DNA sequence: ATATATGCAAATTCTTTGCTGCTCG
DNA sequence: CGAGCAGCAAAGAATTTGCATATAT
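Protein chains in written order, with the working numbering: chain Y, 1 to 163; chain W, 1001 to 1163.
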């Protein structure tokens, strides 16, 4: 590997978290952190890699996978399934956000509900647990839609634990 | 393909739905429907195939994939991601159910909340949509747990649209 | 009878890993 | 310096598909 100039600029929120948690900050991790910090959509790993490459084309896909996995383990990132065959990498935020997914178009809208959040805390408590986080997807069709509840598409989901 | 005796017995709830929706009922689909109707856990595709094979060992994995995809499209089944690297095939039920997932052990508890359900309907409405269904996972640790919100494990999620 | 399913194996796509040379702290 | 990274290519795992044959209606 040839020498490479460290990228410049302020640290992203994610980079800050890495330092706080004692994660070694390499140049490629910095790029991934930066790209993710600037996202206002929900990229999957391949898309994330595409964007990362625009900053530094030499960063390998496997590095992105490894970085995301590491930061997931550290509680900094989360890989989230949005159903309908989509998944994304997102920053873990304190209260979290949820997604409304339009079935026909695939359009995604983020939303939050403190009421739901509080109910969830209560449910966990009542069952003897403490809530760490949650994921909620709301699948919808336009209000005027006449059609029934026919699914848009099958979607696969591939699971398994990573090390 | 050699001739094969149709399996006997009453129709499962899922088979009933297939007939109603005009889905051609083949012997292998009947087996998949039956196995799923009898599940009281959350099997993934591979596990589903394993159980299907116990009934008829000649049913191929690809058939199970195709059947699940078809029934998802018909709004009879749903493939659901439980986070932490697990996904499952489940029957779509009217109001739906949600999952509480214990992060350490991976234990899964189903729950329902009418309050949350109502809130979701309202949220969709307010945004100009009609809710078709939702998915909600609640990740927890035992109440007495001292540890923070460190993630259990990275997990992959593989998305993509099917046919 | 005939449009559709199924099995099988090969092809895709997503993800991880082994190895070796680099780099952060 | 020295433990932990990044690249690359190859291995693995999950899922789909092409094609010839079998089957439901």
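Glycine included, C-beta positions come from ideal geometry on N, C-alpha and C.
Just so you know, these numbers come straight off a predicted model, no measurement behind them.
Legend entry - C-beta neighbour in chain Y for residue 1011 of chain W, strict 7 Å: Position 11 of the second chain holds residue 1011 of chain W. It does not: the Cβ of residue 1011 of chain W has no partner Cβ on chain Y nearer than 7 Å.
Inset, instruction - State buried or exposed for residue 1010 of chain W, treating a residue as buried only when at least 16 other CB atoms are found within 10 Å of its CB. - result: Sequence index remark: in the second chain, residue 1010 of chain W carries index 10 (1-based). With fewer than 16 other Cβ atoms within 10 Å, it is exposed.
Legend entry - Identity of the residue in W/1137, W/1017, W/1084, W/1127 nearest residue 79 of chain Y by Cα: As a position in the first chain, residue 79 of chain Y is number 79, starting the count at 1. Closest by alpha carbon: W/1084.
Legend entry - Coarse secondary structure for residue 10 of chain Y, derived from DSSP in three states: Locating residue 10 of chain Y in the first chain gives position 10, counting from the first residue. In the structure shown, residue 10 of chain Y sits in coil (DSSP, three-state: anything other than H, G, I, E or B).
Inset, instruction - Label residue 58 of chain Y either buried or exposed according to how many other C-beta atoms from any shown protein chain fall within 10 Å of its C-beta, with 16 as the threshold for buried. - result: To locate residue 58 of chain Y, count along the first chain from 1; it is residue 58. Residue 58 of chain Y comes out exposed.
Inset, instruction - Use the C-beta contact count for residue 24 of chain Y: other C-beta atoms within 10 angstroms, 16 or more gives buried, fewer gives exposed. - result: Position 24 of the first chain, counting from 1, holds the residue named residue 24 of chain Y. Exposed, because fewer than 16 other Cβ atoms sit within 10 Å of the Cβ of residue 24 of chain Y.
Inset, instruction - Determine the closest residue to residue 1014 of chain W out of W/1092, W/1128, W/1042, with distance taken between C-alpha atoms. - result: Counting from one through the second chain, the residue named residue 1014 of chain W turns up at place 14. Residue 1014 of chain W has its Cα closest to that of W/1092, out of W/1092, W/1128, W/1042.
Inset, instruction - Verify whether the separation of the beta carbon atoms of residue 1088 of chain W and residue 1043 of chain W is less than 7 Å. - result: Residue 1088 of chain W sits at position 88 when you count from the first residue of the second chain. Residue 1043 of chain W sits at position 43 when you count from the first residue of the second chain. Yes; because the gap between Cβ atoms is below 7 Å, this pair is in contact.
Inset, instruction - Show which residues of chain W have a CB atom less than 9 Å away from the CB atom of residue 53 of chain Y. - result: On the first chain, position 53 is the one that residue 53 of chain Y refers to. Per Cβ cutoff of 9 Å: no residues; residue 53 of chain Y is ~20 Å from chain W at best.
Legend entry - Residues near residue 19 of chain Y by beta carbon distance below 8 Å, same chain, minus five either side: Mapped onto the first chain, residue 19 of chain Y falls at position 19. Beyond the five residues adjoining it in sequence on each side, residue 19 of chain Y comes within less than 8 Å, by CB distance, of 11, 25 in the same chain, given in chain order.
Legend entry - Contacts around residue 106 of chain Y, its chain only, beta-carbon distance under 7 Å, and the 5 residues preceding and following it disregarded: The residue given as residue 106 of chain Y occupies position 106 in the first chain. Cβ within range, chain order: 84.
Inset, instruction - Would you kindly check if the distance between the Cβ of residue 1099 of chain W and the Cβ of residue 1082 of chain W is under 7 Å? - result: Mapped onto the second chain, residue 1082 of chain W falls at position 82. Mapped onto the second chain, residue 1099 of chain W falls at position 99. Closer than 7 Å, so yes.
Legend entry - Residues of the segment 128–140 of chain Y whose Cβ lies closer than 7 Å to any Cβ of chain W, in chain order: 128, 129, 130, 131, 132, 133, 134, 135, 136, 137, 138, 139, 140
Inset, instruction - Answer with buried or exposed for residue 72 of chain Y, where buried requires no fewer than 16 other C-beta atoms within 10 angstroms of its C-beta. - result: By one-based count along the first chain, residue 72 of chain Y stands at place 72. Label assigned to residue 72 of chain Y: buried.
Inset, instruction - Can you grab the Cα-Cα spacing for the pair residue 60 of chain Y / residue 32 of chain Y, in whole Å? - result: Position 60 of the first chain, counted from the start, is the residue given in the question as residue 60 of chain Y. Position 32 of the first chain, counted from the start, is the residue given in the question as residue 32 of chain Y. Cα-Cα distance, rounded: 11 Å.
Inset, instruction - Closer than 9 Å by beta-carbon distance: list the chain Y residues that pair up with residue 1102 of chain W, in chain order. - result: Stepping through the second chain from its first residue, residue 1102 of chain W is reached at position 102. The answer, in chain order, is 129.
Inset, instruction - Output yes if chain W places a C-beta closer than 7 Å to the C-beta of residue 155 of chain Y; else output no. - result: Position 155 of the first chain, counted from the start, is the residue given in the question as residue 155 of chain Y. Here the model assigns residue 155 of chain Y a pLDDT of 39, short of 50, so the residue's position is not dependable, and the following value carries that caveat. A Cβ of chain W is located within less than 7 Å of the beta carbon of residue 155 of chain Y.
Legend entry - Neighbour flag for residue 159 of chain Y against chain W, beta carbons, 7 Å: Against the first chain, residue 159 of chain Y aligns to sequence position 159. Low per-residue confidence applies at residue 159 of chain Y: pLDDT is 40, beneath 50, and the placement is therefore not dependable enough to give any value.
Inset, instruction - Flag residue 1116 of chain W as yes if its beta-carbon sits less than 7 Å from any beta-carbon of chain Y, otherwise no. - result: Start at 1 with the first residue of the second chain, and residue 1116 of chain W comes out as number 116. Residue 1116 of chain W has a beta carbon lying within less than 7 Å of a beta carbon in chain Y.
Legend entry - Where the beta strand (DSSP E) through residue 1140 of chain W begins and ends: Position 140 of the second chain, counted from the start, is the residue given in the question as residue 1140 of chain W. Element bounds for residue 1140 of chain W: 1129–1142.
Inset, instruction - Kindly list, in the order they appear in chain W, the residues whose Cβ is closer than 8 Å to that of residue 109 of chain Y. - result: Within the first chain, the letter at position 109 stands for residue 109 of chain Y. Within 8 Å Cβ-Cβ: 1127.
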